[in-house]
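Under my numbering, think of the first position of the sequence shown as 1177, with each following residue one higher.
Everything on this sheet refers to the single structure shown next.
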Amino acid sequence: MSEATRRQREWAVMGALEYLAGSATMRAMARITVADLMDPDAVDAYIRASQSGTLRVRRTAGKAEESPRSTAARVSALRWLARATGTRQPPPFADWTPLAPVPEDAPAALRTACEALTTMNNFYATRTAATIAVLYATGASGYGLCTLRTDQIGADRGRRLVRVPAQDPAPQRWEPEGETALAPVPAWGTAALDDWLALRAGTVGCLQGSDPRTLLVSGRANAGPRPPGMPLRPRGLGRSWARSRYVAETAVPGLEMPSTVEAACRAVRALVLTPGSPRPESRSATARPAAAPA
């Protein structure tokens, strides 16, 4: 557990104790048990108080309620407490994890960010630009992006395609092929993916033939014996996304890129990969994507 996570969980659990005890004194809070904290009615009252802003210590003008992230952090801490103590979680816990609404302009923001990052000629910017392009095509989560392999990337008549497991129903943008489907990378993301594949090939060269085959790889040596070119992990992808978001928003005034990979994933799934999305130009039934360079 990181120090930041520890502080966040302490803040949330102490807040629940203080709220249920009705006092901030240790004597009053000591009477509250874990079973009291996990009582469905108590949890419901605590989360509703959070959402209404009752628990806020510092109030800002025009904003009384807490943000969805703060409420989600409180719920996450109570889940952790239940697991750590072996206490049964209240059944409706999932109902108390709000998600921020998906902005209608999120797909356009992803495109703008991808195009801006592609021009920066930087390892991390190029990797994030390629990540955006592949995410836009597949709707993959952070974990899914980190497990994609280079042999899933193909090319056909100037297009880049990502081979993914078939879905039913499948987005109309996808091209079904039996047990799999081909997800076309948008035209504005093709250059980013091409640049990344070339950069990736040079990076994994230092591994002397032990190419991990994952599409996304690290660019610097991490703690311990992990040289550049090793598979990128979801945590590293999230940090890289945050840095690239700052760079892109600084370069493009007014740009509001989705704050996390998962937020971008939700936006793509909700607004791009839907049954009503336009289908790209059909391909020849006999054409197959060529393997991408490693």
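Ideal Cβ placement from N, Cα and C applies to all residues, glycine included.
Given the structure is predicted, the values throughout are model-derived calculations rather than measurements.
Return the bridge partner residues of residue i from the DSSP annotation.
i, result
"THR1390", "ARG1325"
Taking the CB atoms as reference points, tell me whether residue i and residue j lie closer together than 7 Å.
i, j, result
"LEU1383", "ALA1306", "no"
"THR1263", "MET1214", "yes"
"PRO1434", "ALA1282", "yes"
"VAL1393", "LEU1408", "yes"
"ALA1313", "ALA1359", "yes"
"ALA1439", "ALA1292", "no"
"ALA1253", "VAL1210", "no"
"PRO1244", "ALA1221", "no"
"LEU1391", "LEU1324", "yes"
In angstroms with no decimal places, state the Cα-to-Cα distance between residue i and residue j.
i, j, result
"LEU1311", "PRO1352", "18 Å"
"LEU1193", "GLU1432", "37 Å"
"ARG1185", "GLN1348", "42 Å"
"VAL1437", "VAL1338", "18 Å"
"PRO1362", "ALA1289", "14 Å"
"GLY1378", "GLY1365", "20 Å"
"SER1178", "TRP1187", "14 Å"
"ALA1218", "THR1181", "23 Å"
"VAL1340", "ALA1197", "52 Å"
"ASP1327", "ARG1389", "8 Å"
"GLU1355", "ARG1287", "30 Å"
"ILE1329", "TYR1300", "20 Å"
"ARG1138", "LEU1449", "The question about residue 1138 has no answer here: the residues shown for the chain are numbered 1177 through 1470."
"ARG1442", "LEU1321", "14 Å"
"ARG1335", "ALA1367", "10 Å"
"ARG1259", "ARG1207", "21 Å"
Excluding the 5 residues preceding and the 5 following residue i in the sequence, name in chain order all residues of the same chain whose CB lies nearer than 6 Å to its CB.
i, result
"SER1226", "GLU1242, THR1247, ARG1250"
"GLY1395", "PHE1299, PRO1404"
"ARG1421", "MET1433"
Note down, in chain order, each residue of its chain lying with its Cβ closer than 7 Å to the Cβ of residue i, except the 5 sequence neighbours on either side.
i, result
"ARG1445", "GLY1315"
"GLY1414", "GLY1318, THR1436, VAL1437"
"ALA1200", "GLU1194"
"GLU1417", "It should be noted that the sequence gives Trp, not Glu, for residue 1417. Excluding residues within five positions, the ones whose Cβ falls inside 7 Å are THR1304, THR1436, VAL1437."
"ARG1459", "Reliability fails at ARG1459, whose pLDDT of 37 lies under 50, so the model's placement of it is uncertain and the value that follows must be treated cautiously. Correct list, in chain order: ASP1332, GLU1351."
"ALA1468", "Model confidence at ALA1468 stands at a pLDDT of 44, short of 50, so the residue's coordinates are unreliable; what they give is reported in the following sentence. Excluding positions up to five away in sequence, the list reads THR1326, ILE1329, GLY1330, ALA1331, LEU1373."
Would you check whether the ligand FMN has a heavy atom nearer than 6 Å to the C-beta of residue i?
i, result
"VAL1189", "No copy of the ligand FMN occurs in the structure displayed, which carries no ligand at all."
Can you give me the Cβ contacts of residue i inside the same chain, cut-off strictly under 8 Å, excluding the 5 residues immediately before and after it?
i, result
"GLN1343", "TRP1350, ALA1357"
"ALA1346", "PRO1352, ALA1357"
"ASP1371", "THR1294, THR1302, ALA1305, ALA1306"
For this session: Please list the segments of the alpha helix (DSSP H) lying wholly inside the stretch 1366–1443, counting only runs of 4 or more residues, in order along the chain.
Result: Here the runs fully enclosed are 1410–1427.
Problem set entry | Sequence ranges, beta strand (DSSP E) only - wholly within the stretch 1277–1360, length at least 3 | Counting whole runs of 3 or more residues, the stretch 1277–1360 contains the beta strand (DSSP E) stretches 1329–1332, 1335–1341, 1351–1353, 1356–1360.
For this session: Within the stretch 1197–1251, note down every full alpha helix (DSSP H) run reaching 4 residues or more, in order along the chain.
Result: As far as the stretch 1197–1251 is concerned, its whole alpha helix (DSSP H) runs of at least 4 residues are 1202–1205, 1210–1213, 1216–1228.
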